[in-house]
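For what it's worth, my numbering labels the leading residue of the sequence shown as 1193, then goes sequentially.
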Amino acid sequence: MAALEDIFLIIFYVATVIPTLLMVKETKTRLRNIKEGLKSLVWLPLTIGGLGVYIFFAMDFLSTIPILNWSWLGYNVAIGPYADAGFLGVAPFVPMLVYMLIHVNYFEEMYFRKNWWMTVAWAFLHVAMGVAVHVALALLPIGFLYKHIYKKKGLNHAYALHFATNMIVVTLSILSYFVVF
């Protein structure tokens, strides 16, 4: 089974990294877009706080409900099946993940914040990434906040907040390998 997971992971990264690498000329523009939207980071405590409330108070309970705990893959493909190998299993994926998020988050905001239905679609597309249904449900309020910011302040503000939220999540995920609970 490990060989099948390895093959899937390779296919996933080829399908996502290669298109992202083709956007290398746009990286400087994307970083400028983030800089232009930095004022909306005042909302960052709300996005991280919302995720924290979900993790500490709801995640364990929701994961006991079979339909909400369903995940077609059993792990998030962004970190791969190597998360159980500890920090060294995940570390090689982090630079690639950060680079991909620079581009993917921009297009997520551009396409999925046009209306409420697209925001719901965005949340549930995370299920395609291997996350459980309860995680997609937890992303809905955050997605609606991104949509609100997109409508009020524009694409760059929603993008900057989305990217910053993801960077905090990635950083905390990495730090969790060094903290014993």
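By construction, the Cβ of each residue, glycine as well, lies at the ideal position given by its N, Cα and C atoms.
Remember, predicted model here, so these are calculated numbers, not experimental data.
Buried or exposed: where does residue i fall if 16 or more other Cβ atoms within 10 Å of its Cβ makes it buried?
i, result
"S1158", "Within the shown structure, residues of the chain are numbered from 1193 to 1373, placing residue 1158 beyond reach of any answer."
"K1231", "exposed"
"V1296", "buried"
"M1292", "buried"
"I1259", "exposed"
Beta carbon of residue i, beta carbon of residue j: below 9 Å?
i, j, result
"V1325", "N1225", "no"
"K1343", "R1305", "yes"
"A1356", "L1236", "yes"
"S1255", "V1323", "no"
"L1347", "T1239", "no"
"A1279", "F1370", "Residue identity check: residue 1279 is Phe in the sequence provided, not Ala. Yes, the Cβ-Cβ distance between F1279 and F1370 is below 9 Å."
"H1354", "E1301", "yes"
"L1243", "V1361", "yes"
"L1375", "F1200", "Because residue 1375 is not part of the residues shown, which for the chain are 1193 to 1373, the question remains open."
Ignore the nearest five residues each way along the sequence and tell me which others in residue i's own chain have a CB closer than 7 Å to its CB.
i, result
"Y1298", "R1222, N1225, Y1351"
"H1318", "V1327, A1328, L1331"
"I1203", "none"
DSSP state of residue i, grouped into three classes?
i, result
"G1266", "coil"
"R1305", "coil"
"G1346", "coil"
"N1297", "helix"
"V1323", "coil"
"G1278", "coil"
"P1258", "coil"
"F1370", "coil"
"G1229", "coil"
"L1317", "helix"
"L1236", "helix"
Taking only the alpha-carbon atoms, compute the straight-line gap between residue i and residue j and give it to the nearest angstrom.
i, j, result
"D1452", "Y1205", "Any question about residue 1452 goes unanswered here, given that the chain covers just 1193 to 1373."
"G1241", "G1335", "14 Å"
"I1294", "T1219", "7 Å"
"S1365", "N1307", "31 Å"
"I1210", "M1321", "17 Å"
"A1315", "P1333", "9 Å"
"A1250", "N1358", "20 Å"
"Y1246", "P1287", "27 Å"
Can you list, in chain order, the residues of its chain whose CB lies under 8 Å from that of residue i, leaving out five sequence neighbours each side?
i, result
"V1312", "L1332, G1335"
Sorted by chain position, which residues of the same chain lie with C-beta nearer than 6 Å to residue i's C-beta, five sequence neighbours on each side aside?
i, result
"M1310", "F1304"
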